[in-house]
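Just add 33 to wherever you are in the sequence shown, counting from 1, and you've got my numbering. Think of the CB as a built atom: it goes at the ideal place given N, C-alpha and C, for glycine as much as any other residue.
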Amino acid sequence: MAQQDPEERIELTSETRRLLEETDLRPLWEVEDTMGHVYDDLEADIWKWGDIKQAIDHVERDMPIEELPPGFQRRVAVPINTGMQNAISNTIYVGVQTVSPGETAPSHRHGANALRFTIDGSEDMKTVVAGEEFPMENNDLITTPQWEWHDHVNDSDETAMWLDVLDLPLILDSLNSTNVFENHELERQPVTKTQGYWDSQYGHARPAGESNDGGIPGPFEGIREPTPPYRFGWTEILETLRQRAENNNPDPYDGYSMAYVNPTTGQEPLFPTMSFRAQLLTEATEAHFHNATEVFFVIEGKGTTHVDGETLEWDQWDIFVVPPDKPHHHDPENDEAILLGMTDRPVFEAFNFYAESAADQ
Ligand code: 1HN
């Protein structure tokens, strides 16, 4: 995104500023110009939904999307880890975005991979990706692969909110590269595909004689098959978790853990840089550690995660981070909890650097 002149810094009320500071949150439009640093000694930390919600409500009240500068037109509160200036980790970025009724977050595209996990949505809240409108219903996960146009259109009468996840710090900080970025000439990109198009092309029947990538355009080339724009509906994911739990033993470290696969290959990782799992926890897991970073979002339930002597107590919609090499295990409070687990493990695996080991509790 473009550099922002600090002289033209956008004013929030002092109460909103205080709330953001007290809760270790920053608005996205002030975050990006401080990227470019890698931090060691990352700490385990948690952001409670009550604090996030209060802060994003204030930011929503103060700041219509249309008043944000071009290139920063996303209203997002970004969890900032202690010692860092711009993200929760050195590789994975998360933020909570809101779009008010009638608002549009205008169309743009960039080099970073992104996805949305819907916290409060509806069928009239749409993220438009690569020409198709994807309804954002609660707990749906929708990909925005790199270099695809995307805008978010709220045609419902309630504020919509969701978790954004991007590999931005990996690109900007760890690789010290740039998030190649372009605004669309229109606020809303033309809808050129029928609803369900992208989903329909990656099932058990596929376009005959075409390459596997569905003709996804873009200037980026790599060794991995790109993931298409895709919506993973929650009903289906939940059913796979339930069936898994009915018929199998849990993984000792991750509980009943289902990966969101790249629909092109049917395998992890979803993105070359990040992998995602829905994890159903029905009992305490065993402790382990690994060199990958993990970020968690609590889909349902409550519990604790113990990280190297620290106790993180979580409830629905809290966000927490487990830094590299810290022994950790989860302990759901009641019969079950469901976490969205996010990891940069594919980056390590691409270079044969991934390592993990069991740990003492
Ligand atoms: C972005 O494009 C979105 O499209 C959200 O909703 C958050 C954070 C950094 C850079 C680009 C979006 C982002 C972002």
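Of all residues, those with a beta-carbon under 5 Å from at least one heavy atom of the ligand 1HN are Arg-107, Asp-197, reported in chain order. One thing to note: Arg-142 has its Cβ no nearer than 8 Å to the Cβ of His-185. According to the DSSP assignment, Tyr-230 belongs to the alpha helix (DSSP H) that extends over 230–233. Asn-123 sits buried, since 16 or more C-beta atoms from the chains shown fall within 10 Å of its C-beta.
Across the set Leu-52, Ala-145, Asp-173, Asn-280, the C-alpha of Asp-173 shows the shortest separation from the C-alpha of Ala-193. Here the stretch 215–228 lies against the stretch 134–154, with 3 or more beta-carbon pairs under 8 Å apart.
Rounded to whole angstroms, the separation of the alpha carbons of His-339 and Phe-322 is 12 Å. Taking all protein chains in view, the Cβ of Ala-110 is crowded by 16 or more other Cβ atoms within 10 Å, so the residue is classified as buried. Judged by DSSP secondary structure, Val-92 falls within the alpha helix (DSSP H) whose first and last residues are 82–95. A straight-line Cα-Cα distance of about 36 Å links Thr-298 and Glu-346.
Cβ contact annotation for Lys-359 (same chain, cutoff 7 Å, sequence separation greater than five): Ala-77, Phe-322, Val-340, Asp-341, in chain order. Given a length threshold of 3 residues, each whole run of the beta strand (DSSP E) inside the stretch 339–386 is given here in chain order: 343–347, 352–355, 361–365, 370–376. Straight-line spacing of the CA atoms in Trp-195 and Thr-151 works out to 4 Å.
Pro-202 is positioned such that its CB atom lies no closer than 8 Å to that of Pro-302.
Assigned with DSSP and collapsed to three states, Ala-77 falls in coil, not helix or strand. Contact check for Trp-231 against Pro-262 passes: the beta carbons are separated by less than 8 Å. Minimum Cα-Cα distance from Phe-105 among the listed residues Phe-253, Pro-60, Asn-119, Gln-118 corresponds to Pro-60. The beta-carbon distance between Glu-136 and Asn-187, rounded to whole angstroms, is 5 Å. This is short enough to meet the 8 Å contact definition. Within a 10 Å sphere around the beta-carbon of Gly-374 sit 16 or more other beta-carbons, which makes this residue buried. Around the CB of Gln-394, fewer than 16 other CB atoms lie within 10 Å, so the residue is classed as exposed. In this structure, the beta-carbon distance from Tyr-387 to Ala-325 falls below 8 Å. Residue range 47–55 is occupied by the alpha helix (DSSP H) that includes Glu-55. With contacts defined as CB atoms closer than 8 Å, Gly-128 and Gln-179 fail to qualify as a contacting pair. Judged by DSSP in its simplified three-state form, Arg-277 adopts helix. Per DSSP, the beta-bridge partners of Thr-160 are Phe-167, His-185. Val-132 has its alpha-carbon roughly 28 Å from the corresponding atom of Val-294. From the listed residues Met-117, Ser-308, Leu-274, Ala-370, the smallest Cα separation to Ala-317 is found for Ala-370.
Residue pairing by DSSP places Ala-110 opposite Pro-60, Val-129 in a beta bridge. Between the beta-carbon of Leu-313 and that of Gly-336 there is about 12 Å, and that puts the pair past the 8 Å contact cut. For Pro-139, the uninterrupted beta strand (DSSP E) run begins and ends at 137–143, by DSSP. The criterion of a C-beta distance shorter than 8 Å is not satisfied by Phe-167 and Arg-107. Shown here for Pro-112: same chain residues with a beta carbon closer than 7 Å to its own, the five before and five after excluded, namely Asp-57, Leu-58, Trp-80, Ile-121, Val-127, Ile-352 in chain order.
Taken through DSSP and simplified to helix, strand or coil, Glu-215 comes out as strand.
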